[in-house]
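Presented below is the structure to which this report refers.
Protein chains in written order, with the working numbering: chain V, 36 to 512; chain Z, 967 to 1231.
Right, here's the structure in full:
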């Protein structure tokens, strides 16, 4: 009987997870909607409406911050707190700190929504927020890190589950990145300047930029993959050893990739080449991880016919594999010479963001909504519809940007028979128009899917709360 | 033997997985390596335009056609050795200099409006980029750019060597209503920059901040107390439009590049 002591029901702290989940669903709608708007501004410039606050240059950071930090962040925190409790069979180390984290993070998002349209920008991509918001982010992030690590410490299971390795790696790395990259001297409350300049600032910025992708948008989401795919499919992770390899090689290798954003710039060649070489090598852990996720379905592939949530999760792995092939190819210097500065980069990012990150998030969110509110989805059919809408939207978007990017690159470098440039720059701009329209349409389709999800989740929660009034949900181990 | 005692990987990995602390330390070390290797040398190696702010540099290894290393003050303006001793006497080709007050104010507007999201300032060493934009960019040219503005996307053209290419009047028209000048343009209208006066206080404070930077500060011999004190006069009655145009006109003509010299090694 002693041995069974640990299987006694644990009371989890799931309220905060519910709130993070709801926030994630809402910011999925908001973030992609702003994305559709900025995309439309490039297709139809009149949409800037001569208002400084909504011009492309000010709204684009709002889009990136909204999808990365508001949507992505809330997904990561919801799933992180959910996974760490369940795999550790413990409550959170501090429920209060988790609530501080929740409200702190939402306050940061509100600050972003106010400051970015007002033009408070530090001029670094994905790190535009003003210096005092950077301090808030650091404080809230450390509260999250402390709570997460300590919850692992007080776990009642013997080993840390693989998802928690990835999340912990993310927490550590983002702390390094955010602190180092945000070092700036304020001029006043609105403006500050980086303490680095030129080459050093560029390298530090892309060390941040690519590892925000590598750890925040990949590492953290791989943690989601390693928990929710096995849970949803009812199969164990395909290979434990592969996951060990995946984690350590990814953690070691991803950090080096930032330099591939600076090929042929004033950054010394060795740095860019080193970044490119390791980028190529990263195909191995990335595909190892993707295979590990996919092969978890061995013997359960038939579930894809009936389990729509599983469709999201598995499609995400396909996009993950595709993006992690696309990326290393673009890091090769000769390919980068063509792809850099073009829409190909935008296509690559969105193959990852829409196809991999969002899909795995949607799958995980649906899974959690069912568990957290102890109910079935209001409509499984709408989950399926969301899946197809999201897939069509993502593919439309990505294809448009791939085509326009490669076309741009080829037009810029084209010479006529007299040895002069064939196209003026503005000819390449007008050639992009149809693809910018197609991108806006693809994005709009994708955004529609998030509305479907919001509706479905709201209806599910309403339906569940009706029963909950008489029958309180007990969290189960 | 219970399943929890079975080791499926190695003893070490098993130990790491059992201890949060060991996992934390191992991870913290693993993720630190790449950044240290790629970033730290950039503060010490030559050709990365790292200066001490007192005229000392890590140096260049650019060699002229005779094989002599090009002295740093041919590339970065040094009032002590240049025949032009003050910011107002400085001429294009004298070497990289910091921004004048109005240009600095324009640069702040440039960052505020997110211009760098569509306009890069980093020309690569390719034939087409030379034909289209000019000589490739070198590290020294952005050494005073606290918050570098190389950009990552060319929705519009690169502007690293825009200075002097078009008249102020062209820029004014184009910034106000881009499609009046370039019908295919997708740039927003920035006519509202003409309605706002330059923020004088912010600009003088920025100049002071630039001299306090721990890396690549503007030398206090250039942004001297007198020079900063004179800035409000130069900014008087100027609009943000004037400032942005001054900034754009300052780009890319600082260094006199010699034909046949490889500035990348």
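All C-beta atoms, glycine included, are put in the ideal place defined by N, C-alpha and C.
Here the structure is a predicted model, which means the values were calculated and not measured.
In chain A, what lies closer than 7 angstroms to residue i by C-beta?
i	result
residue 87/V	No chain A is part of this structure, whose protein chains are labelled V and Z.
Identify, in the order they occur along the chain, each residue of the same chain with its Cβ nearer than 8 angstroms to the Cβ of residue i, setting aside the five sequence neighbours on each side.
i	result
residue 1045/Z	1051, 1052, 1187, 1188
residue 414/V	491, 494
residue 280/V	320, 323
residue 1161/Z	1205
Starting from residue i, follow the beta strand (DSSP E) in both directions and report where the run begins and ends.
i	result
residue 229/V	227-229
residue 1197/Z	Not the beta strand (DSSP E): residue 1197/Z falls in the alpha helix (DSSP H), residues 1191-1201.
residue 221/V	219-221
Going by CA-CA distance only, name the one from the options that's closest to residue i.
i	options	result
residue 211/V	975/Z, 973/Z, 1001/Z	1001/Z
residue 1010/Z	303/V, 401/V, 368/V	303/V
residue 50/V	117/V, 67/V, 72/V, 89/V	117/V
residue 191/V	1203/Z, 986/Z, 1008/Z, 978/Z	986/Z
residue 1221/Z	1113/Z, 1043/Z, 972/Z	1043/Z
residue 405/V	428/V, 475/V, 344/V	344/V
residue 1167/Z	1013/Z, 1092/Z, 1198/Z, 974/Z	1198/Z
residue 236/V	1149/Z, 988/Z, 975/Z, 1014/Z	1014/Z
residue 52/V	468/V, 136/V, 376/V	136/V
residue 467/V	460/V, 439/V, 220/V	439/V
residue 90/V	154/V, 129/V, 102/V	154/V
residue 989/Z	128/V, 161/V, 197/V	197/V
residue 346/V	393/V, 184/V, 382/V, 374/V	393/V
residue 128/V	55/V, 178/V, 143/V	178/V
residue 1003/Z	98/V, 309/V, 171/V, 416/V	309/V
Evaluate residue i with the Cβ neighbour count: other Cβ atoms within 10 Å of its Cβ, from every protein chain shown; 16 or more gives buried, anything less gives exposed.
i	result
residue 967/Z	Unreliable placement is indicated for residue 967/Z, whose pLDDT of 44 sits below 50; the coordinate value is still reported in the next sentence. By the 10 Å Cβ count, residue 967/Z comes out exposed.
residue 511/V	Confidence in residue 511/V is poor, its pLDDT being 45 and thus under 50, which makes the residue's placement too unreliable to answer from.
residue 86/V	exposed
residue 449/V	exposed
residue 982/Z	buried
residue 328/V	buried
residue 1149/Z	exposed
residue 1146/Z	exposed
residue 1032/Z	exposed
residue 240/V	buried
residue 354/V	buried
residue 163/V	buried
residue 1034/Z	exposed
Residue i lies in the alpha helix (DSSP H); which residues open and close that run?
i	result
residue 162/V	From DSSP, residue 162/V is part of no alpha helix (DSSP H); its letter is neither H nor E.
residue 441/V	415-447
residue 206/V	197-216
residue 1207/Z	1206-1215
residue 267/V	255-268
residue 403/V	394-407
residue 366/V	343-366
residue 72/V	50-78
residue 331/V	No alpha helix (DSSP H) contains residue 331/V, which DSSP labels as neither H nor E.
residue 278/V	275-289
residue 145/V	130-150
residue 304/V	304-316
In whole angstroms, give me the CA-to-CA distance for residue i and residue j.
i	j	result
residue 1129/Z	residue 104/V	37 angstroms
residue 1084/Z	residue 214/V	27 angstroms
residue 107/V	residue 1169/Z	36 angstroms
residue 326/V	residue 359/V	12 angstroms
residue 993/Z	residue 286/V	7 angstroms
residue 159/V	residue 486/V	31 angstroms
residue 36/V	residue 44/V	Confidence at residue 36/V is low in this model, with a pLDDT of 37, below 50, so the placement of that residue is unreliable and no value is reported for it.
residue 169/V	residue 290/V	21 angstroms
residue 226/V	residue 1115/Z	15 angstroms
residue 246/V	residue 1196/Z	43 angstroms
residue 410/V	residue 193/V	31 angstroms
residue 46/V	residue 1182/Z	55 angstroms
residue 84/V	residue 1157/Z	12 angstroms
residue 1079/Z	residue 1208/Z	15 angstroms
Within a Cβ cutoff of 7 angstroms, which residues of the same chain sit near residue i, ignoring the five residues on either side of it in sequence?
i	result
residue 479/V	71
residue 265/V	271, 272, 331
residue 1218/Z	1100, 1126, 1127, 1128, 1129
residue 435/V	470, 473, 474, 477
residue 62/V	101, 105, 106, 109
Apart from the five residues just before and just after residue i, which ones in its own chain have a Cβ nearer than 6 angstroms to its Cβ?
i	result
residue 115/V	202
residue 399/V	114, 259, 263
residue 1120/Z	1086
residue 150/V	165
For the ligand GTP, is there a heavy atom less than 7 angstroms away from the beta-carbon of residue i?
i	result
residue 301/V	You won't find the ligand GTP in this model; it holds no ligand whatsoever.
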